[in-house]
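Undergrad:
2 protein chains.
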Amino acid sequence: MIRSFLLMTAAFSLAACGQQTASDAPSQMTNTYKSSQSVSGFDKTLKMAQAKLDVAMAAPLTIPVPKDPGGGYTHETHKANGFMLYDVGQLYKLTGEKKYAEFAGQAMLDYAEVYPQWDLHPAKKEQSPGRMFWQNLNESMFLLNISQTYSAIKETLSEDEREKIETDLLRNMADFLSVGAPETFNKVHNHGTWATAAVGLTGYAIGDEDYVEQALMGLDKSGEAGFLKQMDVLFSPDGYYNEGPYYHRFALKPFVIFAQAVEKNNPEQKIFEKRDGILKKATYGLIHQAYGGLFFPINDAIKEKGIRTDELVHAVAIVYDLTGDTGLLSIAAEQDTFVLTPESRKVSQDLAAGKATPFDYKSMRMGDGQNGDQGALDILRASADPNGLVLVAKNTSQGLGHGHFDKMGILVYDAGHEILRDYGAARFLNIEAKYGGHYLPENNKYAKQTVAHNALVVDETSHFNGDVRIGNQHAPTLGRFVNEDGLKGTSAEISTAYDDVRIGRTVAMIEDAAFSGPIIIDLVEGHADGTHSYDLPFHYNGHLIDTNFELQADPLSRSPLGTKNGYQYLWKVAEADPVNEISQVTWLLDQKFYSLTSSVPENTKIVFTQIGANDPNFSLKPEPGFMLRAKTTGGVSFASIIEPHGDYNPTAEYTIGSYSQVKSVSHFESGAAEFILIETKAGETVGLGLGAEDNPDGTHSVDVNGKTMSWTGPFKLFHSDTHLAAQK
Amino acid sequence: MIRSFLLMTAAFSLAACGQQTASDAPSQMTNTYKSSQSVSGFDKTLKMAQAKLDVAMAAPLTIPVPKDPGGGYTHETHKANGFMLYDVGQLYKLTGEKKYAEFAGQAMLDYAEVYPQWDLHPAKKEQSPGRMFWQNLNESMFLLNISQTYSAIKETLSEDEREKIETDLLRNMADFLSVGAPETFNKVHNHGTWATAAVGLTGYAIGDEDYVEQALMGLDKSGEAGFLKQMDVLFSPDGYYNEGPYYHRFALKPFVIFAQAVEKNNPEQKIFEKRDGILKKATYGLIHQAYGGLFFPINDAIKEKGIRTDELVHAVAIVYDLTGDTGLLSIAAEQDTFVLTPESRKVSQDLAAGKATPFDYKSMRMGDGQNGDQGALDILRASADPNGLVLVAKNTSQGLGHGHFDKMGILVYDAGHEILRDYGAARFLNIEAKYGGHYLPENNKYAKQTVAHNALVVDETSHFNGDVRIGNQHAPTLGRFVNEDGLKGTSAEISTAYDDVRIGRTVAMIEDAAFSGPIIIDLVEGHADGTHSYDLPFHYNGHLIDTNFELQADPLSRSPLGTKNGYQYLWKVAEADPVNEISQVTWLLDQKFYSLTSSVPENTKIVFTQIGANDPNFSLKPEPGFMLRAKTTGGVSFASIIEPHGDYNPTAEYTIGSYSQVKSVSHFESGAAEFILIETKAGETVGLGLGAEDNPDGTHSVDVNGKTMSWTGPFKLFHSDTHLAAQK
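Chains as they are written, first to last, in the working numbering: chain A, 5 to 732; chain B, 5 to 732.
(1) Do P301(A) and A429(A) have their C-beta atoms within less than 9 Å of each other?
(2) Is the region 366-381 of chain B touching the region 483-498 of chain B in the sense that three or more CB pairs, one from each, lie closer than 8 Å?
(3) Contact criterion: CB-CB distance below 9 Å. Does F432(B) meet it with respect to chain A?
(4) In chain B, what lies closer than 7 Å to F622(A) by C-beta?
(5) Which of the residues in the region 649-666 of chain B, read from start to end, lie with their CB under 8 Å from any CB of chain A?
(6) Suppose contacts are defined by Cβ-Cβ distances below 9 Å. Is Y573(A) in contact with A397(A) by that definition?
(7) Can you pull the chain A neighbours of Q314(B), defined as C-beta to C-beta under 9 Å?
(8) Would you kindly work out how many angstroms separate the C-alpha atoms of I67(B) and P258(B), rounded to a whole number?
(9) Among F642(B), T171(B) and I514(B), which residue has its Cα nearest to the Cα of P648(B)?
(10) Less than 8 Å between the CB atoms is what I'm expecting for T197(B) and A255(B), so what's the real figure, rounded?
(11) Quick one: what does DSSP say D581(B) is sitting in, helix, strand or coil?
(12) Quick check on I423(B) - is its C-beta less than 9 Å from some C-beta in chain A?
(13) Let me check one thing: in DSSP terms, what residues is G310(A) bridge-paired to?
(14) List, in order along the chain, the chain B residues whose C-beta lies closer than 9 Å to that of I306(A)?
(15) What three-state label does DSSP hand H478(A) in the structure shown?
(16) Contact criterion: CB-CB distance below 9 Å. Does G310(A) meet it with respect to chain B?
(17) Can you confirm whether K438(B), when its beta carbon is compared against all beta carbons of chain A, has any partner nearer than 9 Å?
(18) So, do the region 510-528 of chain A and the region 385-395 of chain A have three or more beta carbon pairs nearer to each other than 8 Å?
(19) Does the beta carbon of L592(A) come closer than 9 Å to any beta carbon on chain B?
(20) Take the Cβ of K83(B) as the centre, count every other Cβ of all protein chains shown within 10 Å, and call the residue buried at 16 or more, exposed below.
(21) What residues from the region 563-587 of chain A come within 9 Å of chain B, judged by C-beta to C-beta, listed N to C?
(22) Per DSSP, which residues does R1(A) bridge with? Please list them.
(23) Let me make sure I understand the geometry here. Which of S602(A), K609(A) and L98(A) has the alpha-carbon closest to that of P346(A)?
(24) At the 9 Å Cβ level, is S435(B) part of the contact set with chain A, yes or no?
(25) Take A664(A) as the anchor and find which of A127(A), L57(A), F485(A) and S602(A) has the nearest alpha-carbon.
(26) Does the beta-carbon distance from F46(A) to Q353(A) come in below 9 Å?
(27) Over what stretch of residues does the alpha helix (DSSP H) that includes M52(A) continue unbroken?
(28) Classify D539(B) as buried or exposed, calling it buried when 16 or more other Cβ atoms lie within 10 Å of its own Cβ.
(29) Between Y119(A), V260(A), K268(A) and N621(A), which has its C-alpha nearest G281(A)'s C-alpha?
(30) Should P626(B) be flagged as near chain A, meaning a C-beta pair shorter than 9 Å?
(31) Tell me whether the region 99-107 of chain A and the region 150-160 of chain A touch, counting them as touching only if at least three CB pairs, one residue from each stretch, are closer than 8 Å.
(32) Mark G675(A) as exposed unless 16 or more other C-beta atoms lie within 10 angstroms of its C-beta, in which case mark it buried.
(33) Would M713(A) be called buried (16 or more neighbouring beta carbons within 10 Å of its own) or exposed?
(34) For the alpha helix (DSSP H) holding S144(B), just list the boundary residues, first then last.
(35) Quick check: is the beta carbon of Q614(B) nearer than 9 Å to any beta carbon in chain A?
(36) Does any residue of chain A have a CB that is nearer than 9 Å to the CB of S561(B)?
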């Protein structure tokens with residue numbers, strides 16, 4: 005029993021997911037289409053689905069009486085049945101073979117036979133319980149699938165059969181999910197979107213306008229709730245989803261699937277044009293929040309999730325069908341996964357015809373919040389090269405219950421890899437032995453805490469004291485965002501993360517001939533009157549190679565760095581003193597070196613850490629990090645250069661550029677204007693002037709080692725060759 | 005100066021290496037050719053080399069007076085010059101463009117001008133010093149390159165120019181490396197091969213038969229030394245190289261390059277047919293010692309080295325030219341790297357023409373030693389799928405100074421990854437900040453020690469007490485090797501690794517319907533009379549998911565596991581007690597689960613470790629492991645099942661088969677015959693009978709839980725469905 009259930013789950017999940025390749029490991033993204041990858045990819049998906057279903061359809065569908073919660077046998081069986089019936093319906097549409105329609109019809113009749121008898125689920129969740137599943141969210145997902153199946157095969161059924169399926173299954177379920185659960189259906193939240201989309205699709209499938217209207221406008225059809233309202237609220241005007249890309253992905257599917265049905269059935273709605281094309285923006289927004297094929301793992305996120313997920317495969321196909329944007333074909337080539345829809349077939353055909361063009365990756369500020377005024381996710385990309393240097397500044401709002409306490413935290417990517425990383429969620433999705441596959445206790449206690457991020461921690465306490473209710477009330481104040489050739493920058497600050505300290509961060513990605521490629525300038529400041537301790541952690545990815553200071557890890561023992569706020573999960577590996585207030589740390593990842601050179605206050609310590617203390621159950625990944633640790637009065641500033649360099653090539657046996665080019669970095673202030681000066685080992689200087697306000701015409705001057713540096717506007721790059729000329 | 009030198013090094017290394025792609029990270033190997041990868045790969049390599057050389061040739065070659073040791077400026081400059089001149093010569097041959105010949109001619113004249121004045125190198129190594137370089141090995145490599153250049157462009161030079169280059173550079177250098185250094189030239193060792201190949205190629209280039217004869221037959225032309233003798237001795241009859249694949253790769257280049265010249269100039273030698281085609285066998289042997297594109301990292305090995313290395317690119321092209329074996333084209337497709345030779349061009353053309361066929365990966369025993377009687381490297385592959393389950397049993401001899409103390413150690417690969425891994429060498433190749441790029445002190449003190457391997461340690465002491473001189477005198481005694489459908493197995497033992505304990509290991513890869521795929525049975529035994537402690541470490545790769553026993557890592561502290569023989573580098577993370585003498589540990593890697601279920605003696609402890617104690621300089625990688633630890637009298641046995649299972653798919657959000665199917669494993673003995681019984685959770689049993697001797701007709705019986713199991717031959721698999729029928 006168990007074994008056949010497992011096989012079944014695998015079979016249908018795979019079919020639903022298309023021709024998933026053997027490994028979903030982070031792939032090197034390319035922005036051009038490789039001709040070998042997807043030639044007839046759709047046909048392969050189709051054939052594989054047929055082969056699997058032909059085996060599965062040899063026996064009638066197993067329809068167990070609901071009993072188990074998520075992950076259990078009855079739950080997983082009904083879930084797999086829903087995906088299977090979706091595929092069966094699509095196969096009938098695509099092939100016209102009667103056997104698919106017959107199987108699906110019989111299965112739905114079988115469900116119609118039993119569904120009315122099912123009262124609330126025995127393992128029901130307190131909030132929003134289901135009947136087939138423990139929560140009605142799963143019921144919505146099931147109905148979303150089978151309403152499409154019904155629509156596909158309805159023509160093959162007798163009048164009596166239709167009557168039975170529509171009454172006892174589809175309407176029964178749709179009523180349960182709409183009038184039966186108004187608190188979900190009318191909620192402006194992704195669970196509401198799943199419900200409205202499922203009910204709306206049911207309306208189209210059985211030809212009941214009433215369901216469609218309720219779905220679009222809410223139960224009372226006032227427009228105060230329902231799908232259109234959700235479209236207005238759940239994404240920011242730039243297409244950012246408040247909880248971040250991991251949940252964005254999840255929410256996207258009912259939006260695009262139902263919208264597509266609205267477009268077909270009610271084209272006068274122009275649903276894809278609403279709110280300046282918000283659903284298209286949401287699809288592009290999700291693609292832009294990825295690197296190396298994986299989504300930025302901000303907030304609670306399973307790090308393996310990326311552009312190959314079923315939800316985004318559907319969305320890309322639907323949006324390509326609408327727009328014909330051949331840049332999306334490059335994304336589809338990278339997905340190399342197809343679904344059983346005409347739109348996915350078209351994507352496959354156009355890929356095979358060589359129509360793909362590079363996707364237009366670019367630097368952007370994606371405003372957060374319904375009106376785009378709750379902070380922003382700032383993405384700085386050195387170029388359109390998807391494997392190039394990328395910095396993500398998390399200047400967003402909290403992101404509700406799944407949000408992490410990492411105001412102005414940064415992530416850095418290069419050469420296809422994470423360089424400064426976010427831990428993501430502490431969770432082993434669906435792995436029962438690991439806390440039932442749920443979020444681990446360490447998710448709240450470590451992964452959400454500020455110290456788990458590349459973000460400033462004051463007094464060893466997390467932002468908003470780790471209280472999500474307070475966090476949800478405050479977003480950072482954004483400074484200016486610039487996106488010019490060779491100079492991209494952003495800044496933000498927040499005064500509410502701590503009572504007595506206003507923290508600000510300015511990051512810029514610059515190009516200058518003194519360096520072999522783009523580098524990042526990172527200025528982190530704490531503005532305060534009193535005395536505070538400041539920790540600025542950098543969770544680097546790679547092997548430590550070199551430091552400019554003497555560094556000795558304790559050879560014989562390890563102990564936790566602290567006792568609370570996430571610090572208890574970090575082993576203290578070493579503590580060291582920077583040299584002349586300069587800290588330089590170099591690590592190696594794959595074939596490149598990365599140096600982080602910081603100007604730090606007097607008496608700063610550099611503390612090296614490894615995750616894994618207080619982790620008796622091996623819940624956490626043993627990742628390394630280091631933090632700049634200072635205790636100061638009257639505020640603090642850490643000015644750092646993050647510098648990819650060199651080439652480690654063990655295949656051809658050469659190593660070049662293994663040393664940082666940075667000799668020193670200095671931070672100067674004059675009033676509210678600031679200046680970062682980089683001195684290279686070759687004797688060159690590069691400067692970045694930072695204006696106090698977001699005013700392109702504001703003029704600023706800062707005394708830099710006795711010379712007055714002046715400029716106009718919030719960001720001004722003084723190149724190594726123009727530096728002297730720019731001096732007064 | 006430094007900067008241009010670095011650029012130069014990069015340019016020429018890249019040119020020599022062909023169209024190296026951005027990342028050499030372990031690639032998923034495929035055994036079929038992907039049409040997009042290498043279409044006109046050679047042409048791209050050619051164009052890239054031309055573009056780079058056109059820039060570089062704008063100025064005359066820099067020829068500094070020898071001063072620096074390896075890694076230093078003058079060393080790296082001459083090294084880069086040699087590779088560059090090789091490319092320039094090949095480009096002339098391939099394009100006929102005069103500019104290449106002119107540049108190379110002038111460069112060689114410039115070298116001829118200064119070389120005679122150079123006495124022994126100021127930083128000369130004590131043994132085998134050079135003049136241009138600190139050791140004459142590098143001088144041989146330089147001459148190997150430029151003798152080919154001279155051969156290519158000779159026709160364009162005047163009589164006077166030839167005279168000068170031949171006398172002052174080529175002969176001067178060849179004499180220095182032959183009669184001037186008989187201890188290297190006549191040595192049967194890879195340094196000798198580099199010398200004889202370089203001198204022999206010089207002989208062909210300038211038309212001096214004497215050099216060729218000395219190269220082939222040794223200085224006295226007796227055949228007691230020289231290239232032919234090296235061919236007879238340095239590889240085993242199966243093409244195994246005593247030091248392992250890392251140095252095999254290095255030694256292979258002069259063999260195939262010079263042999264190719266012999267084939268062209270002295271075809272009557274039939275050099276590629278000698279010793280049953282030993283140079284072809286050596287090339288295939290190296291390919292077979294790879295997984296996921298990387299060589300098995302046994303002994304001192306940089307783990308990133310693999311099939312893309314320049315040496316193997318040359319060898320594959322040369323052997324393909326000789327044999328036309330289209331299976332080699334699949335290897336070339338995976339290399340996706342070309343060199344500037346007609347043979348490499350042919351490979352590229354045939355790849356583009358779609359001629360590639362899958363490479364024939366298979367299970368094999370590669371005998372070690374000149375006569376193949378010094379142990380063997382046993383490779384068990386579940387199938388020809390290069391990403392399938394593979395077990396490597398290191399039943400070889402010591403492997404000289406670079407050998408590790410891991411008799412009968414194993415490595416396991418699956419799904420493209422290392423599953424049970426070898427640390428390889430403790431070294432950051434060419435990274436100056438890491439001990440000058442040399443082998444780290446931790447290489448001898450940790451990486452070579454037995455505990456760093458998946459090999460049995462007795463009394464916390466390494467094999468041969470860590471003494472390489474003793475190790476070199478002893479090889480394991482091989483038991484039988486079987487390679488049948490669904491049953492592959494090998495065994496070996498050694499009585500000299502420890503004074504009082506004879507250790508043996510039998511491993512088998514079996515397929516049975518009770519499991520979702522092939523599994524490994526691993527029986528490790530220590531035969532002894534007295535009382536000893538036994539540690540059997542498993543260096544697993546992945547995240548710990550589950551154990552069948554209670555496991556609690558110490559939350560608040562870490563201390564080293566021991567004080568010597570490598571133990572001092574392991575943090576003790578946890579210690580636990582198996583349940584009913586069964587230990588089961590499950591970990592997750594990428595998308596699969598791996599369980600190791602062991603039958604262990606009473607009072608065995610399971611000790612979990614992490615590398616990194618006593619490592620103040622961050623020299624080691626923090627890899628996890630666990631060991632079965634028993635103290636017994638009268639010997640020990642650990643019988644384990646290594647079982648890949650399940651599918652973790654975070655993209656499609658399902659997990660199946662996350663639990664091991666193994667309920668228990670038991671080990672029975674009757675006299676010298678043994679029986680391993682596996683009981684599954686589904687109630688099935690699978691058995692493996694092991695005969696005592698290597699006799700296909702020997703009959704054996706073992707009492708297994710009161711039933712007599714009988715069979716003939718050294719390995720007998722009792723399938724889950726035939727088990728009862730086979731009982732008496």
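Glycine included, every Cβ here is placed at the ideal spot set by N, Cα and C.
TA: The short version:
(1) yes
(2) yes
(3) yes
(4) L548 and A557
(5) Using a CB distance below 8 Å, the part of the region 649-666 of chain B facing chain A consists of D651, Y652, N653, P654, T655, A656, E657, Y658, T659, I660, G661, S662 and Y663, ordered along the chain.
(6) no
(7) In the sequence under discussion, the amino acid at residue 314(B) is Asp, which differs from the Gln named in the question. Per Cβ cutoff of 9 Å: T655, A656 and E657.
(8) 25 Å
(9) I514(B)
(10) 6 Å
(11) coil
(12) no
(13) L298(A)
(14) P654 and E657
(15) coil
(16) For G310(A), the closest Cβ of chain B is nearer than 9 Å.
(17) yes
(18) Yes, the region 510-528 of chain A is in contact with the region 385-395 of chain A.
(19) yes
(20) buried
(21) S563, P564, Q572, W575, V577 and A578
(22) An answer regarding residue 1(A) cannot be provided, because it is not within the stretch 5 to 732 covered by chain A.
(23) The shortest Cα separation from P346(A) among S602(A), K609(A) and L98(A) belongs to L98(A).
(24) The residue you asked about is not Ser; residue 435(B) is Ile in the sequence shown. Yes, because at least one Cβ of chain A sits closer than 9 Å to the Cβ of I435(B).
(25) In the sequence as presented, Ala is not what sits at residue 664(A); that position holds Ser. Comparing C-alpha distances from S664(A) to each of A127(A), L57(A), F485(A) and S602(A) shows the shortest one belongs to S602(A).
(26) Contact: yes.
(27) G45 to A60
(28) buried
(29) Relative to G281(A), the option among Y119(A), V260(A), K268(A) and N621(A) whose CA is nearest is V260(A).
(30) yes
(31) Three or more beta-carbon pairs separated by less than 8 Å link the region 99-107 of chain A to the region 150-160 of chain A, which places the two stretches in contact.
(32) So G675(A) counts as exposed.
(33) Looking at its Cβ environment, which holds 16 or more other Cβ atoms inside 10 Å, M713(A) is buried.
(34) N140 to I157
(35) Chain A contact via Cβ: present.
(36) Yes, S561(B) lies at the interface with chain A (some Cβ there is under 9 Å from its Cβ).
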